[in-house]
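Asker:
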């Protein structure tokens, strides 16, 4: 349930971070096999929650506005929820679409396959599944780090290329300006009659 700043302090629990979820300790029933009750429901609810988190500031603004207009707290919250529902549904579906896209790509991924196999091995040996996930990701930390390096290098190369293109444009612009001065003079002398005719047509 959302909290409006005018009524109570911000509840930091609402903005749960990804790494904090990994710190949760699963119960013993998850041992020896990856079996999560209502796993799909939990995922969809989390995606919906993340979508609502993105509109939280706007939601609070609307609630404050409705309160100032004389609505009760319950009415203000209900109306803000209705007003933002379509936007939140769009965000929810977009997040799910991105997740599906990533899942389909990772299914045939070399690194992801190694991570999954290592997780399954750890779980079969009795490691709790969330701990197994953390251990597997740490095992392949160097390979993940390489991807980060690639992204940084591509961004830096892109910035360098943009700067070089900008320098070339500046040099070319100076040369063309010098050459255009003479051309403008010659064209101006030969096209006086044409300009006069155009001005007369414009006046008509």
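In full-length UniProt numbering, the protein residues as written are 1 to 204. Glycine included, every Cβ here is placed at the ideal spot set by N, Cα and C.
1. Just the C-alpha distance for residue 118 and residue 72, rounded to the nearest angstrom, thanks.
2. Helix, strand or coil: how does DSSP classify residue 135 here?
3. Rounding to the nearest angstrom, what Cα-Cα distance links residue 55 and residue 147 in this structure?
4. For residue 123, report the span of its alpha helix (DSSP H) as first-last.
5. Quick check on residue 107: does DSSP put it in helix, strand or coil?
6. Looking at C-alpha atoms only, which residue of 59, 99, 115 is the closest neighbour of residue 44?
7. Counting Cβ pairs, one atom from each stretch, are 3 or more of them under 8 Å apart for the segment 56 to 75 and the segment 102 to 114?
8. Which first and last residues belong to the alpha helix (DSSP H) in which residue 61 is found?
9. Hey, how far is the Cα of residue 77 from the Cα of residue 90?
10. Counting only the same chain and skipping the five closest in sequence on each side, list residues whose C-beta sits under 6 Å from that of residue 67.
11. Hey, how far is the Cα of residue 131 from the Cα of residue 46?
12. Using DSSP with H/G/I as helix, E/B as strand and the rest coil, what is residue 96?
13. What whole-angstrom Cβ distance do residue 84 and residue 122 have, given they're in contact under 8 Å?
14. If you count every other CB in all the chains shown that lies within 10 Å of the CB of residue 52, and 16 or more means buried, which is it?
15. Put residue 102 into one of helix, strand or coil per three-state DSSP.
Answerer: Here's the rundown:
1. Walking along the chain shown from the start, residue 118 turns up at place 118. Walking along the chain shown from the start, residue 72 turns up at place 72. Looking at the backbone, the Cα of residue 118 and that of residue 72 are separated by about 54 Å.
2. The residue labelled residue 135 in the question sits at position 135 within the chain shown. Here residue 135 sits in helix by DSSP.
3. As a position in the chain shown, residue 55 is number 55, starting the count at 1. As a position in the chain shown, residue 147 is number 147, starting the count at 1. Answer to the nearest angstrom: the Cα atoms are 31 Å apart.
4. One-based indexing of the chain shown puts residue 123 at position 123. It spans 110 to 124 - the alpha helix (DSSP H) in which residue 123 sits, taken as one unbroken run.
5. Position 107 of the chain shown, counting from 1, holds the residue named residue 107. If DSSP states are grouped into helix, strand and coil, residue 107 belongs with coil.
6. The residue given as residue 44 occupies position 44 in the chain shown. Among 59, 99, 115, the Cα nearest to that of residue 44 belongs to 99.
7. By the criterion of at least three beta-carbon pairs nearer than 8 Å, the segment 56 to 75 is not in contact with the segment 102 to 114.
8. Counting from 1 along the chain shown, the entry for residue 61 is found at position 61. For residue 61, the enclosing alpha helix (DSSP H) stretches over residues 56 to 68.
9. The count along the chain shown starts at 1 and reaches residue 77 at position 77. The count along the chain shown starts at 1 and reaches residue 90 at position 90. Cα to Cα, the separation comes out at about 20 Å.
10. Numbered from its first residue, the chain shown carries residue 67 at position 67. If we look at residue 67 and ignore the five residues flanking it on each side, its Cβ neighbours are 76.
11. Translated into the one-based positions of the chain shown, residue 131 becomes position 131. Translated into the one-based positions of the chain shown, residue 46 becomes position 46. As the crow flies, the alpha-carbon of residue 131 is around 20 Å from that of residue 46.
12. Counting from one through the chain shown, the residue named residue 96 turns up at place 96. Residue 96: helix per DSSP, three-state reduction.
13. Within the chain shown, numbered from 1, the residue matching residue 84 stands at position 84. Within the chain shown, numbered from 1, the residue matching residue 122 stands at position 122. Not a contact, Cβ separation roughly 42 Å.
14. The residue given as residue 52 occupies position 52 in the chain shown. It is buried - the Cβ of residue 52 has at least 16 other Cβ atoms within 10 Å.
15. Working through the chain shown from its first residue, we reach residue 102 at position 102. Taken through DSSP and simplified to helix, strand or coil, residue 102 comes out as helix.
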